[in-house]
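I have placed the structure first, in the form of structure tokens, so that the comments after it can refer back to it.
Protein chains in written order, with the numbering used here: chain A, 25 to 346; chain B, 25 to 346.
Next up, the structure:
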């Protein structure tokens, strides 16, 4: 009689249902989920983590569908994690996209998952990153992270990619403005999707202008024109992805980037737990309510209230360790 | 011989340069800025804080320009705080907007300020909220907060408004998707700007559909059609703003909302300071580097590393209080 394989064993063997179950545990902040990540973590680091970011409607999902098809032709295992409140993955905005994805839903070599922002205080990006680790451990060769490019939570997620692809659409210059302003970091690859649009060449000139002002690094950011809906230009995008991968592996950038990203993840987890501890402490504290009354009455300012609350929190923490 | 008035006194007298200086102090996290907020806080609570949110390009700045003109005709003092990386206030994307605002720049009764997201860890929204308090204390009757509607930092800012206005543009359904998905909270007023667009009526039908599914509250969310560039519909928007103000004052919703918002602000300040303390502690800690090496080598998972780091942090905090 052999023992039933554990969830971790099934996940490491690439069992799709085990992976789905594991991500649900992580997403619901179940201690078993964290335990599982701990167990499989030594088996991570193999997957190429590719982040795709860009405004809603730029065609990220369609592009990922097309990329997935090409990767599968090379027999690579693919996972998609979509962190996008308005994503077609979750809400079916675009029928075409859904049809294109349905094709992949039936493929055992493709795992697709979406995560919606439920307003968790910093919890979403942590859960997303753990999910990416689980996908990696399950033997996926390519993990595509899809996010809307605005906002800190999305930036936190995309920062964990080895390669960042910015997807733009001709005629919408907002992302270019963000690049120009230095709010958005320069990505590794820029895609102009829906390149049959008459404003495509104008947009490419604008992008070149922004890139020429950016500090020069070793890697020259390529601009790829695609029409993801018809699969056009996607093979060139795959080539650029492979070139970027080869470049960061050869230059040591990959390990540098992963070190920085893991550092940020550890810090984010620490902050998240400190905040939770604080909220638990305040939930039982009548003095907090009294201080809040003072703030609401405009007798005590929020920053001074925060100082007093932290003093109480520190004292409570010290007492609990005695 | 009379003493020079202090910065706080000048600010409370509505001195524009004092207000500008005060916000710079807060923005650069100068202790003098926090001290100033503490001093003037008892004089806050008068201003109507109106948040305008919506995708880049929806015309928020133009709308604020038009609203400002109408408010000034009633001799109300206006302040505008724009938290938008791609905002025309900062980066001059749209020449027309800049011209419209230049008119207001010269008006002593209007104060305009932009804040760019510099990647501060939670610092931006705190600085923005302190800036809004300073504007309030300086005697502004209306404070307009402008943000791009996606992302946690922006949500944190908009949560501090008494009235939230969502600005949509016909033909871009992303914000409606976000409403539908429950990611974006139902605003108090919805504006369909650029209402000369052929898809305006389709969009209004869609919005009505979403609103009909939302839980019914006492306030019926009005939909206002505007063409802000030509000033059309802006007087109706002002009427809806005044109605909403009267409603929340009569129903007690205003004080409820402000209590919730002040609570969140106090908590955010506490979390921000805990994170800063943690980073300072780690900066000097060789053991942190060693633990990080273990994580990078995939021998220790990020969550377990976070646990060990917090244990060290707690011990250090306890020791520093001895």
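Note that the Cβ used here is the ideal one computed from N, Cα and C, for glycine as well.
Any non-hydrogen atom of the ligand HEM closer than 7 Å to residue i Cβ
{"i": "residue 295 of chain B", "result": "Although the ligand HEM was asked about, the structure shown includes no ligands whatsoever."}
Candidates the options, of which the one nearest residue i by Cα
{"i": "residue 281 of chain A", "options": "A:160, A:73, A:249 and A:82", "result": "A:73"}
{"i": "residue 322 of chain A", "options": "B:235, B:64 and B:38", "result": "B:64"}
{"i": "residue 33 of chain B", "options": "B:239, B:162, B:309 and B:56", "result": "B:162"}
{"i": "residue 83 of chain B", "options": "B:255, B:297 and B:154", "result": "B:255"}
{"i": "residue 96 of chain B", "options": "B:69, B:128, B:81 and B:238", "result": "B:128"}
{"i": "residue 344 of chain B", "options": "B:332, B:47 and B:305", "result": "B:305"}
{"i": "residue 42 of chain A", "options": "A:100, A:30 and A:262", "result": "A:30"}
{"i": "residue 294 of chain A", "options": "B:278, B:312 and B:283", "result": "B:312"}
{"i": "residue 85 of chain B", "options": "B:239, B:138, B:101 and B:54", "result": "B:138"}
{"i": "residue 191 of chain A", "options": "A:219, A:152 and A:134", "result": "A:219"}
{"i": "residue 276 of chain B", "options": "B:289, B:186, B:99 and B:153", "result": "B:186"}
{"i": "residue 16 of chain A", "options": "A:309, A:135 and A:93", "result": "No statement about residue 16 of chain A is possible, as the shown extent of chain A runs from 25 to 346 and does not include it."}
{"i": "residue 98 of chain A", "options": "A:81, A:133 and A:158", "result": "A:133"}
{"i": "residue 258 of chain B", "options": "B:228, B:47, B:216 and B:57", "result": "B:216"}
{"i": "residue 226 of chain A", "options": "A:238, A:249, A:55 and A:237", "result": "A:249"}
{"i": "residue 263 of chain A", "options": "A:253, A:157 and A:247", "result": "A:247"}
{"i": "residue 39 of chain B", "options": "B:103, B:88 and B:94", "result": "B:103"}
Span separating the alpha-carbon of residue i from that of residue j
{"i": "residue 168 of chain A", "j": "residue 243 of chain B", "result": "42 Å"}
{"i": "residue 67 of chain A", "j": "residue 334 of chain B", "result": "25 Å"}
{"i": "residue 269 of chain B", "j": "residue 316 of chain A", "result": "24 Å"}
{"i": "residue 61 of chain A", "j": "residue 166 of chain A", "result": "19 Å"}
{"i": "residue 171 of chain B", "j": "residue 194 of chain A", "result": "23 Å"}
{"i": "residue 44 of chain B", "j": "residue 330 of chain A", "result": "25 Å"}
{"i": "residue 121 of chain B", "j": "residue 278 of chain A", "result": "Note that residue 121 of chain B scores 43 on pLDDT, short of 50, meaning its location in the model is unreliable and no value can be drawn from it."}
{"i": "residue 181 of chain B", "j": "residue 149 of chain B", "result": "6 Å"}
{"i": "residue 92 of chain A", "j": "residue 266 of chain A", "result": "14 Å"}
{"i": "residue 222 of chain B", "j": "residue 77 of chain A", "result": "30 Å"}
{"i": "residue 59 of chain B", "j": "residue 324 of chain A", "result": "12 Å"}
{"i": "residue 55 of chain B", "j": "residue 341 of chain B", "result": "22 Å"}
{"i": "residue 328 of chain B", "j": "residue 228 of chain A", "result": "45 Å"}
{"i": "residue 271 of chain B", "j": "residue 290 of chain A", "result": "46 Å"}
{"i": "residue 57 of chain A", "j": "residue 156 of chain A", "result": "13 Å"}
{"i": "residue 284 of chain A", "j": "residue 188 of chain A", "result": "15 Å"}
Collapsed DSSP secondary structure at residue i in the structure displayed
{"i": "residue 166 of chain A", "result": "strand"}
{"i": "residue 137 of chain B", "result": "strand"}
{"i": "residue 278 of chain A", "result": "helix"}
{"i": "residue 61 of chain B", "result": "helix"}
{"i": "residue 248 of chain A", "result": "strand"}
{"i": "residue 310 of chain B", "result": "helix"}
{"i": "residue 295 of chain A", "result": "helix"}
{"i": "residue 77 of chain B", "result": "strand"}
{"i": "residue 226 of chain B", "result": "helix"}
{"i": "residue 242 of chain A", "result": "coil"}
{"i": "residue 128 of chain A", "result": "helix"}
{"i": "residue 92 of chain B", "result": "helix"}
{"i": "residue 48 of chain A", "result": "helix"}
{"i": "residue 41 of chain A", "result": "helix"}
{"i": "residue 30 of chain A", "result": "coil"}
{"i": "residue 82 of chain B", "result": "coil"}
{"i": "residue 194 of chain B", "result": "coil"}
{"i": "residue 111 of chain A", "result": "The predicted position of residue 111 of chain A is uncertain, since its pLDDT is 37 and thus under 50; a value taken from the coordinates is nonetheless stated next. It is coil, neither helix nor strand."}
{"i": "residue 35 of chain B", "result": "helix"}
Paired residues, beta bridge with residue i - DSSP
{"i": "residue 10 of chain A", "result": "There is simply no residue 10 of chain A to check, as chain A begins at 25 and stops at 346 in what is shown."}
{"i": "residue 329 of chain B", "result": "DSSP lists no partner for residue 329 of chain B."}
{"i": "residue 219 of chain A", "result": "DSSP, once it has assigned bridges, lists no residue as partnering residue 219 of chain A."}
{"i": "residue 302 of chain B", "result": "Looking at the DSSP assignment, residue 302 of chain B forms no beta bridge with any residue, so it has no partner."}
{"i": "residue 213 of chain B", "result": "B:189"}
{"i": "residue 256 of chain A", "result": "A:251"}
{"i": "residue 157 of chain A", "result": "According to DSSP, which records beta bridges pairwise, residue 157 of chain A is partnered with nothing at all."}
{"i": "residue 235 of chain B", "result": "According to DSSP, residue 235 of chain B bridges with nothing at all."}
{"i": "residue 72 of chain A", "result": "A:166"}
Exposure of residue i, with buried meaning 16 or more beta-carbon neighbours within 10 Å
{"i": "residue 326 of chain B", "result": "buried"}
{"i": "residue 28 of chain A", "result": "exposed"}
{"i": "residue 37 of chain A", "result": "exposed"}
{"i": "residue 211 of chain B", "result": "buried"}
{"i": "residue 101 of chain A", "result": "buried"}
{"i": "residue 160 of chain A", "result": "buried"}
{"i": "residue 35 of chain B", "result": "buried"}
{"i": "residue 152 of chain B", "result": "buried"}
{"i": "residue 70 of chain A", "result": "exposed"}
{"i": "residue 240 of chain A", "result": "exposed"}
{"i": "residue 299 of chain A", "result": "buried"}
{"i": "residue 273 of chain A", "result": "exposed"}
Listed from N- to C-terminal order along the chain, which residues in the region 329-340 of chain B have their beta-carbon within a distance smaller than 8 Å of any beta-carbon of chain C?
-> Absent from the structure is chain C; the protein chains it does hold are A and B.
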